[in-house]
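S.K.: This structure is in C-alpha cells; I'll ask about it shortly.
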Amino acid sequence: MTVYVIANWKMTGSLDTIHEYFPQFSKDLTETPNSRTIIFCPPHPYLSFTVSKCVGTSFHVGAQDCSASREAASTGETSADMIKDVEASYVIIGHSETRERYKYDQATLASKLENALTAGLIPIFCIGESESDYDTGKTKATLKAQLAVLKSLSCDARSILIAYEPIWAIGTGKTPRNEEINDICHWIGEESTKLTDHVHPIIYGGSVKPKNAAEILAMDAIKGVLVGGASLNPHDFAQIGNAVS
Ligand code: PGA
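Under my numbering, think of the first position of the sequence shown as 910, with each following residue one higher.
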C-alpha cells in the first residue's frame, strides 16, 4: 500500500511562489524504495497552474473542498466535476477549518463526498476532535459521529482516504502522543470498515513537521500525513516526503 504525503496549502500562495516551489521541492526530494503518493492541494484558482507544474512528475493535485450542490445556480461554489476537469484527482472534504466556518451538517458532507466520488475524484475525508472533547475523553464519540456520514453514502466509497486531524493539533505545534495517534487510527480503520465494508487508508494531520514525520509515518496504523504549515516550504515538505522509508 502506498504512503500518502499531502500538502494542504490552505489560503496561501501565488503564481510566483508556486512557480518557484517545484524546482526546489524536486531537488530536495530523494528516492524511496517504497511507494509514495505526493499530493498538492492549492487554493482553487491555482489548481490548473499547479497541475501544469506537476506534468511529467509523479505528483498529484487536489482541491481543498468541493460543492455539495450540483446546481449551476451556486454562485461562488466549485463543483467536483470542475476540479476533475482541470485534471486534479483528489479533494479534501470536511477539513475542520471549513466545517467550522460553514457549519456543514452531515447531509452536506455526504453530498460533497458523493459528488466527488461520482466525478472520479478521491476524497480525503477529514475528521477530528476539539481540545475539550480530547480533555474530557470524548474523542471516540466525536469521531464516531463524524464517521457516520460514510454509512449514508449511496455510491462506491472504496477510494476514500480518511485523515485524522485533532483540531487542537492543527497549527499549534502540539500533537497527541505517538501511541495515542496509532491507537486511534487503528480504531478509525476498524470503524470505517464497519460502515463501508472497505479498508480505507488512515492518514494523520496536525503539526506534522520534518522533525516528527519519520516517527509518525513509522506507526503501523498510519498510511500518510496531511501537512499544512510545513508544506509551504518546499525544503521542509521534501524532508517530510523523505521520511517515508
Ligand atoms: P498543520 O495543518 O500541519 O499546519 O498543523 C494541518 C492541516 O490543517 O491540514
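No residue lacks a Cβ here, since even glycine has one placed at the ideal position from N, Cα and C. The structure presented is a predicted model; accordingly, all values stated were derived computationally and were not measured.
(1) So which of His928, Arg979, Ile1149, Ser976 has the shortest CA-CA distance to Val1134?
(2) So, Pro954 versus Trp918, is the Cβ gap smaller than 7 Å?
(3) Can you tell me where the alpha helix (DSSP H) with Gly1137 in it begins and where it stops?
(4) Specify the secondary structure class of Pro951 as computed by DSSP and reduced to three states.
(5) Could you check if Val1134 belongs to the surroundings of ligand 1, using beta carbon to heavy atom distance under 6 Å?
(6) Using CA atoms only, rank isn't needed, just tell me which of Val1153, Thr1051, Thr921 is closest to Leu1141.
(7) Tell me which residue opens and which closes the beta strand (DSSP E) that Tyr1201 is part of.
(8) Write down the C-beta distance between Tyr999 and His969 rounded to the nearest angstrom, noting that I regard them as a contact closer than 8 Å.
(9) If you follow the beta strand (DSSP E) that Ala972 is in, where does it begin and where does it stop?
(10) State buried or exposed for Pro932, treating a residue as buried only when at least 16 other CB atoms are found within 10 Å of its CB.
(11) Going by the C-beta, is Ser1116 closer than 6 Å to any heavy atom of ligand 1?
(12) Taking C-beta to C-beta, are Thr911 and Thr946 nearer than 7 Å?
(13) In the DSSP assignment, find the unbroken beta strand (DSSP E) run with Val1000 in it and report its ends.
(14) Could you say which of Ile1071, Cys963, Ala916 lies nearest to Trp1096 if we only look at CA atoms?
(15) Helix, strand or coil, according to DSSP, for Pro1032 in the structure here?
(16) Give me the Cβ distance between Cys1035 and Ser1061, rounded to the nearest whole Å; I'm assuming they're in contact under 8 Å.
(17) So the candidates are Lys1120, His1144, Ala1147, Ile1093; which of them puts its Cα closest to the Cα of Asp1129?
(18) Going by beta carbon distance, what residues of the same chain come within less than 7 Å of Leu1018, once the five residues before and after it are set aside?
(19) Out of Val1108, Gly1046, Ser1116, which one is the CA nearest neighbour of Trp1077?
(20) Compute the beta-carbon to beta-carbon distance between Ala916 and Val1136, rounded to the nearest angstrom, for a pair I have assumed lies under 8 Å.
(21) If you reduce the DSSP assignment to three classes, tell me which class Gly1114 lands in.
(22) If we call anything under 7 Å between Cβ atoms a contact, is Cys975 one with Lys1012?
(23) Cα separation between Glu1040 and Ala1147?
(24) Applying the 10 Å Cβ sphere with the 16-neighbour rule, what's the burial state of Val1225?
(25) Would you tell me roughly how many angstroms separate the C-alpha atoms of Gly1037 and Gly1138, rounded to the nearest one?
(26) Please check the pair Thr1027 and Cys1064, which I expect to be a contact at CB under 8 Å, by giving their CB distance rounded to whole angstroms.
M.R.: Reading from the atomic positions:
(1) Cα-wise, what sits closest to Val1134 is Ile1149.
(2) In this structure, Pro954 lies away from Trp918, with their beta-carbon atoms at least 7 Å apart.
(3) Looking at the DSSP string, Gly1137 is not in any alpha helix (DSSP H), and its letter there is neither H nor E.
(4) The DSSP-derived three-state label of Pro951 is coil.
(5) No - ligand 1 has no heavy atom lying nearer than 6 Å to the Cβ of Val1134.
(6) Of the listed residues, the one whose Cα sits closest to Leu1141 is Thr921.
(7) For residue 1201 there is no data in the structure shown, the boundaries of the chain being 910 and 1154.
(8) Yes, they are in contact, since the Cβ atoms of Tyr999 and His969 sit about 6 Å apart, within 8 Å.
(9) Under the DSSP assignment, Ala972 falls in the beta strand (DSSP E) whose first and last residues are 969-972.
(10) Around the beta carbon of Pro932, a 10 Å sphere encloses fewer than 16 other beta carbons of the protein chains shown; the residue is thus reported as exposed.
(11) Yes.
(12) Their beta carbons are under 7 Å apart, which means Thr911 touches Thr946 by this criterion.
(13) Taken as a continuous stretch (DSSP letters only), the beta strand (DSSP E) holding Val1000 covers 999-1002.
(14) Nearest to Trp1096 by alpha-carbon distance, out of Ile1071, Cys963, Ala916, is Ile1071.
(15) In the structure shown, the three-state DSSP call for Pro1032 is strand.
(16) No, Cys1035 and Ser1061 are not in contact; Cβ-Cβ is about 17 Å, not under 8 Å.
(17) Each of Lys1120, His1144, Ala1147, Ile1093 was checked against the Cα of Asp1129, and the nearest Cα belongs to Ile1093.
(18) The beta carbon of Leu1018 sits closer than 7 Å to the beta carbons of Ile1002, Gly1003, Val1058 from its chain, once the five residues preceding and following it are set aside; these are given in chain order.
(19) The residue with the shortest Cα to Cα distance from Trp1077 is Ser1116.
(20) Contact check for Ala916 and Val1136: beta-carbon distance about 6 Å, within the 8 Å limit, so the pair qualifies.
(21) Assigned with DSSP and collapsed to three states, Gly1114 falls in strand.
(22) Contact flag unset, no.
(23) Our two residues, Glu1040 and Ala1147, have alpha carbons roughly 30 Å apart in a direct line.
(24) There is no way to answer for residue 1225, as the model of the chain reaches only from 910 to 1154.
(25) Here the alpha carbons of Gly1138 and Gly1037 stand approximately 18 Å from one another.
(26) That belief holds up - the Cβ atoms of Thr1027 and Cys1064 are roughly 6 Å apart, short of 8 Å.
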